[in-house]
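In the numbering used here, the protein residues as written are 507 to 588.
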Amino acid sequence: MLPDEHREVLSILAISERPIPWQKLAIAAEIDGPPPSQLIERGLMLELEEGMWLHEALRSRLLRDVGKPFEERLRKLKNAVD
């Protein structure tokens, strides 16, 4: 089971159409510090040149589970990227 803040990072990343630099993703998820090593070590979040990303199967699963908070997470992500 993932801590709530890690699940939030993955859920926000799932709604993005492209990789997001960690600094912007951290702002959207309201997290201080480096990317969670647990997520990277377990392969749940990928560190690419363009930013953080998800495996497509995990992204699809998270998008099904996001539900109502989708708009709120999208707003947070847009505010962090702008």
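Glycine residues also receive a C-beta, built at the ideal position from the N, C-alpha and C atoms.
All values derive from a computational prediction rather than experimental measurement.
Under 7 angstroms, Cβ to Cβ, is there at least one residue of chain B near residue i?
| i | result |
| --- | --- |
| Leu583 | Protein chains in the displayed structure number just one, and chain B is not present. |
Below 7 angstroms between beta carbons: does that hold for residue i and residue j?
| i | j | result |
| --- | --- | --- |
| Ser517 | Arg579 | yes |
| His512 | Leu552 | no |
Start and end of the beta strand (DSSP E) containing residue i?
| i | result |
| --- | --- |
| Glu514 | Counting along the chain, Glu514 falls outside any beta strand (DSSP E), though it belongs to the alpha helix (DSSP H) covering Asp510 to Ala520. |
| Leu554 | Leu552 to Leu554 |
From what residue to what residue does the alpha helix (DSSP H) around residue i run?
| i | result |
| --- | --- |
| Leu583 | Phe576 to Val587 |
List the whole-angstrom C-beta distance separating residue i from residue j, where the pair is believed to meet the contact cut-off of C-beta under 8 angstroms.
| i | j | result |
| --- | --- | --- |
| Leu508 | Leu519 | With 8 angstroms as the limit, Leu508 and Leu519 do not qualify as a contact, their Cβ atoms being about 13 angstroms apart. |
| Pro542 | Trp528 | With 8 angstroms as the limit, Pro542 and Trp528 do not qualify as a contact, their Cβ atoms being about 10 angstroms apart. |
Work out the CA separation of residue j and residue i for me, nearest whole Å.
| i | j | result |
| --- | --- | --- |
| Glu577 | Ala534 | 13 angstroms |
| Asp588 | Arg524 | 15 angstroms |
| Gly557 | Val515 | 13 angstroms |
| Leu564 | Leu550 | 7 angstroms |
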